[in-house]
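Just so you know, the sequences run in chain order B and L.
Residues 333 to 475, numbered by the numbering used here, are exactly what the first sequence covers, in order.
Residues 333 to 475, numbered by the numbering used here, are exactly what the second sequence covers, in order.
Every residue gets a Cβ at the ideal spot worked out from N, C-alpha and C, and that includes glycine.
Keep in mind it's a predicted model, so treat the numbers as computed, not measured.
Worksheet: one structure, shown below.
Protein chains: 2
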Amino acid sequence: MSTRIFPTAQDAENAFYEALERNDLPLMMAVWAEDEDVVCVHPSGPRLAGQEPVRDSWRRIFASEQRLRFRVEHQVTLSGMMLEVHSVHEIITVVGEKAPRPPVVTTNVFLRTAAGWRMIVHHASPAADGDADPPIDTPKILH
Amino acid sequence: MSTRIFPTAQDAENAFYEALERNDLPLMMAVWAEDEDVVCVHPSGPRLAGQEPVRDSWRRIFASEQRLRFRVEHQVTLSGMMLEVHSVHEIITVVGEKAPRPPVVTTNVFLRTAAGWRMIVHHASPAADGDADPPIDTPKILH
């Protein structure tokens with residue numbers, strides 16, 4: 333198990349996307365708090381709550397042959413003493429494909445622990461492209 | 333403009349769902365921080381950042397004839413001094429329909445302000461039913 337310490341929430345977020353690009357499970361799990369109350373939502377997936385379901389989901393994702401490249405854009409940061417929230421757009425390119433996939437909108441929440449900043453929430457969902465035109469008139473959108 | 337004060341983050345969350353059920357725009361906007369850095373993601377929608385886009389989206393949603401009933405389940409709470417994060421499942425029933433829609437997984441973030449707790453992030457996305465079986469093997473899911 334990696335014992336990397338992240339002095340800032342941004343350091344933890346950088347390591348999160350580094351782990352995703354490298355399919356690096358020990359690094360990924362070093363990013364997450366050892367608290368039981370971690371929450372992870374993969375795009376279009378159910379909510380996973382707790383260390384074991386979260387670790388298991390990354391293990392399955394990293395076992396695939398798929399290699400991804402991430403560009404993180406439009407970060408909005410909300411900071412407290414103990415918690416920090418980053419809202420970002422993930423622009424993901426699958427290695428071997430020419431164009432990026434549609435953007436993913438993501439809320440990442442970090443907790444200040446005795447061992448530096450760790451991730452406690454990763455909520456990712458497919459999003460319409462652009463910030464300006466919510467498709468709220470379509471019948472499937474309830475709110 | 334309502335001047336309601338919410339002594340806890342839970343009070344603010346309760347008012348948020350009350351506003352949604354009543355199509356009550358002044359109450360909804362009383363729930364949100366007056367900070368510019370608020371973020372709102374409606375299910376399958378783009379990220380809206382800032383008071384005006386968020387207010388405008390609720391105005392459009394509340395202008396519809398649709399009436400909704402919310403049941404909020406499986407709350408996970410992460411608390412700091414200034415920020416509190418609630419991860420919940422929203423079980424939404426459209427008035428006039430017999431069965432609830434598929435669950436929505438939601439991350440709500442609240443900020444402690446001089447005027448009580450206010451919402452700063454609402455990130456809602458359609459989710460597979462259940463906590464246990466992430467559809468991460470489907471080709472559309474990148475992570």
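Exercise for the section: Step through the CB atoms of chain B and report whether any lies within less than 8 Å of the CB of residue 452 of chain L. Expected result: As a working mapping, residue 452 of chain L is identified with position 120 in the second sequence. Residue-level contact by beta carbon holds for residue 452 of chain L and chain B, with a gap shorter than 8 Å.
Exercise for the section: Go ahead and pull the three-state DSSP assignment for residue 413 of chain B. Expected result: In the first sequence, residue 413 of chain B corresponds to position 81, counting from 1. Under the three-state reduction of DSSP output, residue 413 of chain B falls in the coil class, being neither helix nor strand.
Handout entry: Cβ-based burial, residue 335 of chain B [other Cβ within 10 Å; buried from 16]
Key = As a first step, residue 335 of chain B must be located in the first sequence, where it is residue number 3. Result: exposed.
Problem - Cβ pair residue 351 of chain L, residue 449 of chain L closer than 8 Å - result: On the second sequence, position 19 is the one that residue 351 of chain L refers to. On the second sequence, position 117 is the one that residue 449 of chain L refers to. For residue 351 of chain L and residue 449 of chain L, no; Cβs fall outside 8 Å.
Handout entry: Secondary structure, beta strand (DSSP E): runs of 3+ residues fully inside the stretch 423 to 468 of chain B
Key = Complete beta strand (DSSP E) runs here, min 3: 436 to 445, 448 to 458.
Practice task
Name, please, each residue of chain L whose Cβ falls closer than 8 Å to the Cβ of residue 379 of chain B.
Solution key: Mapped onto the first sequence, residue 379 of chain B falls at position 47. Residues of chain L whose Cβ lies closer than 8 Å to the Cβ of residue 379 of chain B are, in chain order, 406, 419, 421, 437, 459, 463.
Handout entry: Proximal residues of chain L, C-beta to C-beta of residue 369 of chain B below 7 Å
Key = Taking the first residue of the first sequence as 1, we reach residue 369 of chain B at position 37. What residue 369 of chain B touches in chain L: 408, 410.
Practice task
With a 10 Å radius around its C-beta and 16 neighbouring C-beta atoms as the bar for buried, classify residue 472 of chain B as buried or exposed.
Solution key: For the purposes of this step, residue 472 of chain B is identified with residue 140 of the first sequence, where counting begins at 1. Since pLDDT at residue 472 of chain B reaches only 45, below the 50 mark, its modelled position is unreliable, and no value is offered.
Handout entry: Whether residue 401 of chain B touches residue 427 of chain B by CB criterion (8 Å)
Key = For the purposes of this step, residue 401 of chain B is taken as the residue at position 69 of the first sequence. For the purposes of this step, residue 427 of chain B is taken as the residue at position 95 of the first sequence. Yes, Cβ-Cβ distance for residue 401 of chain B and residue 427 of chain B is below 8 Å.
Exercise for the section: Return the first residue and the last residue of the beta strand (DSSP E) that residue 381 of chain L is part of. Expected result: In the second sequence, counting from the first residue as 1, residue 381 of chain L sits at position 49. From DSSP, the beta strand (DSSP E) with residue 381 of chain L extends over 379 to 381.
Practice task
Scan the stretch 336 to 361 of chain B and note each continuous alpha helix (DSSP H) run of 4 residues or more that stays entirely inside, going in chain order.
Solution key: DSSP runs (the alpha helix (DSSP H)) wholly in the stretch 336 to 361 of chain B: 341 to 354.
Practice task
Could you tell me whether any Cβ in chain L is nearer than 8 Å to the Cβ of residue 415 of chain B?
Solution key: Numbered from its first residue, the first sequence carries residue 415 of chain B at position 83. True, the Cβ-Cβ gap to chain L drops below 8 Å.
Practice task
List the whole-angstrom C-beta distance separating residue 376 of chain L from residue 373 of chain B, where the pair is believed to meet the contact cut-off of C-beta under 8 Å.
Solution key: As a first step, residue 376 of chain L is located in the second sequence; it is residue number 44 there, counting from the start. As a first step, residue 373 of chain B is located in the first sequence; it is residue number 41 there, counting from the start. Their Cβ separation, rounded to whole angstroms, is 14 Å, which puts residue 376 of chain L and residue 373 of chain B out of contact at 8 Å.
Exercise for the section: Find out if the Cβ-Cβ distance for the pair residue 420 of chain B, residue 440 of chain B is shorter than 8 Å. Expected result: Translated into the one-based positions of the first sequence, residue 420 of chain B becomes position 88. Translated into the one-based positions of the first sequence, residue 440 of chain B becomes position 108. Note that the C-beta distance between residue 420 of chain B and residue 440 of chain B is below 8 Å.
Handout entry: Listed by chain order, chain L residues near residue 427 of chain B by CB distance under 7 Å
Key = As a first step, residue 427 of chain B must be located in the first sequence, where it is residue number 95. The contacting residues do not exist; residue 427 of chain B stays about 12 Å from chain L at best.
Exercise for the section: Apply the 10 Å Cβ neighbour rule to residue 429 of chain L and answer buried if 16 or more other Cβ atoms are within range, or exposed otherwise. Expected result: As a position in the second sequence, residue 429 of chain L is number 97, starting the count at 1. By the Cβ neighbour-count rule, residue 429 of chain L is exposed, with fewer than 16 other Cβ atoms within 10 Å of its own.
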